[in-house]
Amino acid sequence: MNIGEASKASGVSTKMIRYYEQIKLITPAHRTESSYRTYGDSDVHTLQFIRRARDLGFSVEQMKTLLALWRDRSRASSDVKAIALEHIAELERKAAAIAAMTKTLKHLASHCHGDERPDCPIIEGFAETLGDGPGVPSKFGLANVV
């Protein structure tokens with residue numbers, strides 16, 4: 001099948017397929033005499049694997065490792081689990097950061113009148129800094145929440 005058909009079957013765009021070949025995440029496709037890429041069922045299966053891993057937020061480096069483990073039939077499942085648990089921890093850190101940002105913005109927005117007056121705690125909150133790093137002014141009671 002050609003790259004368009006492989007894209008449709010795997011759910012990975014043609015642009016990303018080319019990119020994955022370029023960075024050596026996948027092996028380069030076989031080429032016809034006229035230099036068109038051709039893909040087989042195993043290539044599509046690999047692309048589907050990548051798509052699922054990407055949808056779960058794994059990095060390219062993690063996907064390289066996961067692909068190598070997938071292909072290694074003598075792998076230890078503990079190796080795969082360790083990667084998954086590390087990724088879960090990173091996702092949880094990001095979720096906590098997003099929750100803190102949401103809390104801060106809700107707090108700032110609740111103190112803004114949202115009328116014609118120029119005074120705005122949101123703008124004031126963005127303009128002020130604390131000490132040696134980014135943060136929300138302590139007058140809002142959320143210093144360094146973000």
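Heads up: the sequence shown is residues 1 to 146, going by the numbering used here. For glycine and all other residues, C-beta sits at the position ideal for the given N, C-alpha and C. Keep in mind that this is a model prediction, so the values were computed, not measured.
If you draw a straight line from the C-alpha of residue i to the C-alpha of residue j, how long is it?
i: Asp55; j: His87; result: 13 Å
i: Ile122; j: Cys112; result: 7 Å
i: Gly141; j: Ala99; result: Note that Gly141 scores a pLDDT of 49, beneath 50, so its modelled location is shaky; the value from the coordinates is reported in the next line. If you take the alpha carbons of Gly141 and Ala99, they lie about 16 Å apart.
i: Glu128; j: Gln62; result: 39 Å
i: Arg75; j: Glu92; result: 27 Å
i: Tyr20; j: Ser35; result: 18 Å
i: Thr102; j: Arg117; result: 24 Å
i: Lys94; j: Leu105; result: 16 Å
i: Ala97; j: Ala89; result: 12 Å
i: Thr14; j: Glu5; result: 9 Å
i: Asp115; j: His45; result: 56 Å
Mapping DSSP to helix, strand and coil, what is residue i?
i: Thr38; result: strand
i: Gly141; result: With a pLDDT of 49 at Gly141, under the threshold of 50, the modelled position of that residue is not reliable, and the figure given next carries that caveat. Here Gly141 sits in coil by DSSP.
i: His30; result: strand
i: Thr129; result: coil
i: Met1; result: coil
i: Asp119; result: coil
How would you label residue i, buried or exposed, when you count the other beta carbons within 10 angstroms and need 16 or more for buried?
i: Asp43; result: buried
i: Ser77; result: exposed
i: Ser158; result: Nothing about residue 158 can be reported from this structure: the residues present for the chain run from 1 to 146 only.
i: Leu108; result: buried
i: Ile17; result: buried
Going by Cα to Cα distance, which pick from the options is closest to residue i?
i: Ala9; options: His30, Ile26, Leu47; result: Leu47
i: Ala82; options: Arg73, Lys94, Leu69; result: Leu69
i: Gly125; options: Lys64, Glu90, Ser110; result: Ser110
i: Arg71; options: Glu90, Phe49, Ala89; result: Phe49
i: Ile23; options: Glu90, Ala96, Lys64; result: Lys64
Do residue j and residue i come within 8 Å of each other at the CB atom, strictly closer than that value?
i: Val80; j: Arg51; result: no
i: Phe58; j: Leu66; result: yes
i: Arg37; j: Ile3; result: yes
i: Val60; j: Leu85; result: no
i: Tyr39; j: Ala53; result: no
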